[in-house]
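Worksheet for the structure shown next.
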Amino acid sequence: MFLRRTQKNVTNLLARRTFMNNVDPGKRPVIVAAVRTAIGSFNGKLSSFDATTLGALAIRGAIAQAGVSPNEVHEAYMGNVVQSNLGQAPGRQAVLNGGLPKTVCTTTLNKMCASGMKSAMLASQSVMLGINSTVIAGGFESMSNAPYYLPKVRFGLRYGDGQLIDGLAKDGLTDAYNHKPMGWAAEECAKAYAITRQEQDAYTIESYRRAAEATSSGAFKEEILSISVPGKPGAEPTYVNQDEEFANIRADKIPTLKPAFTKDPDGTVTAANSSKLSDGAAALIIMSEEKAKRGGFKVIGRILGFADAEKDPNEFTTAPADAIPKALKHSGINLSDVSYFEINEAFSVVALANMKILGLDPANVNIYGGAVALGHPIGCSGARIIVTLLNALKRNGKSVGVAAICNGGGGASSIVIERVN
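Residue numbers (UniProt numbering): 1 to 421.
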């Protein structure tokens with residue numbers, strides 16, 4: 001009954017007056033740059049860079065793509081989740097090391113996996129309100145460099161063994177309320193929506209196939225920056241301009257893996273059908289339409305609307321199905337008008353459950369693969385899927401796309417994008 005009711009509500013969304021109608025047309029937010037680094041595997045090709053350096057590289061790439069003078073940037077919002085041991089204000093470090101002036105006001109944002117997308121939403125609001133006309137938004141993460149913690153060392157262990165806590169698990173991948181890994185909620189989602197192990201594994205294999213095909217066809221070339229990775233003393237640097245994880249698949253092994261988050265042999269969520277630990281960064285430049293026209297900047301997309309949603313932390317997996325209709329309502333767009341969706345694959349079951357709730361055609365969701373194949377650098381992914389969505393719309397001559405991402409704590413963010421010729 002719940003599933004039928006939800007599908008009916010979404011399908012019957014009518015175009016209506018949007019909150020963008022109340023914005024001065026000259027202050028409507030447009031995108032003039034959208035880039036990302038390749039996504040590096042855990043302890044892989046990008047692991048020699050800390051997270052802030054990856055963020056700085058993405059910012060430099062966005063500035064270069066747009067042809068914007070660094071002095072024209074007024075503000076920056078950068079998402080980052082595992083901030084320990086990075087030093088003060090990681091976003092500010094990325095901005096200054098990314099070549100932007102010291103006058104750029106910077107906010108580091110942690111909305112878990114949705115950090116990068118929420119950064120774009122806040123940047124859009126700054127533009128819409130007329131506070132600033134050119135804003136950087138994005139996110140970065142180096143999961144490879146997340147530290148371990150020694151919580152009782154400061155005042156002395158006094159006697160006996162101490163405890164070593166994985167900062168990546170503690171601050172990134174464990175629910176703060178039930179203290180269980182996020183994969184536990186994925187298992188509960190699979191049960192609630194009757195999604196089988198076979199369906200999840202088949203989805204995973206298809207995600208890897210799409211990612212491999214997108215890479216071999218050159219679909220990612222316009223969105224991925226080429227990064228020089230220093231070699232050993234006397235050796236030439238190597239250049240990383242291709243995602244790393246998707247090539248690691250052994251499809252025949254996927255059905256044989258044991259459940260990763262439960263001792264129940266009937267568990268369905270495995271290391272393969274979960275997103276992969278990884279490193280990466282993405283950045284966008286969001287500008288007022290008036291500024292873009294006046295400066296002659298090439299507009300690649302318009303932001304039509306956006307929304308957040310929250311629910312029980314245990315049900316974060318299906319929060320995108322709440323955020324997407326809200327974002328569409330704000331945009332005055334019908335679900336049927338959307339060509340492509342990017343729904344972050346925190347787990348394969350997340351994409352499958354949200355497609356099931358919303359009645360989406362799998363052929364139009366994550367057409368270039370997703371986080372189970374490409375990787376999920378958590379502070380980056382919300383911005384990364386916007387970058388990929390824009391690219392997919394452009395390459396395939398489509399108009400409107402929606403990106404959505406769930407986040408720990410029970411939330412999700414969604415944004416509606418229109419491609420501009």
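All residues carry an ideal CB built from backbone N, CA and C; glycine is no exception.
If you look at residue 382, you'll find it in the alpha helix (DSSP H) that goes 381 to 395. Nearest in C-alpha terms to residue 48, of all of 228, 386, 264, 104, is 228.
Residue 158 counts as exposed, since fewer than 16 other beta carbons sit within 10 angstroms of its beta carbon.
In the three-state reduction of the DSSP assignment, residue 414 falls in the strand class, which pools E and B. Residue 35 places its beta carbon 8 Å or farther from that of residue 378. Shortest Cα-Cα distance from residue 374 to any of 415, 205, 222, 85 involves 205.
Spanning the alpha carbons of residue 138 and residue 89 requires a straight line of approximately 15 Å.
Your pair residue 401 and residue 339 checks out as a contact, with CB atoms roughly 6 Å apart and the cut at 8 Å. Boundaries for residue 106: no alpha helix (DSSP H) harbours it, while the beta strand (DSSP E) harbouring it runs 105 to 109, taken from the DSSP string. With respect to the C-alpha of residue 112, the residue from 68, 254, 57, 182 having the closest C-alpha is 182.
Residue pairing from DSSP places residue 342 in a beta bridge opposite 403. Around the beta carbon of residue 51, 16 or more other beta carbons sit within 10 angstroms, so the residue counts as buried.
Put simply, of 32, 271, 323, 202 the residue whose alpha carbon is nearest the alpha carbon of residue 407 is 323. Taking the Cβ atoms as the reference, residue 310 lies roughly 5 Å from residue 411, within the contact range of under 8 Å. Here residue 414 is buried, its C-beta having at least 16 other C-beta atoms within 10 Å. Within the same chain, and ignoring the five residues on either side of residue 120 in sequence, the residues whose Cβ sits closer than 7 Å to its Cβ are 137, 284, 286, 383, 386, 415. Counting along the chain, no beta strand (DSSP E) covers residue 143, and no H or E run does either. The shortest C-alpha to C-alpha distance from residue 108 to any of 69, 134, 127, 77 is the one to 77.
Where residue 324 is concerned, the enclosing alpha helix (DSSP H) starts and stops at 320 to 331.
For the pair residue 279 and residue 40, the CB atoms are nearer than the 8 Å cut-off.
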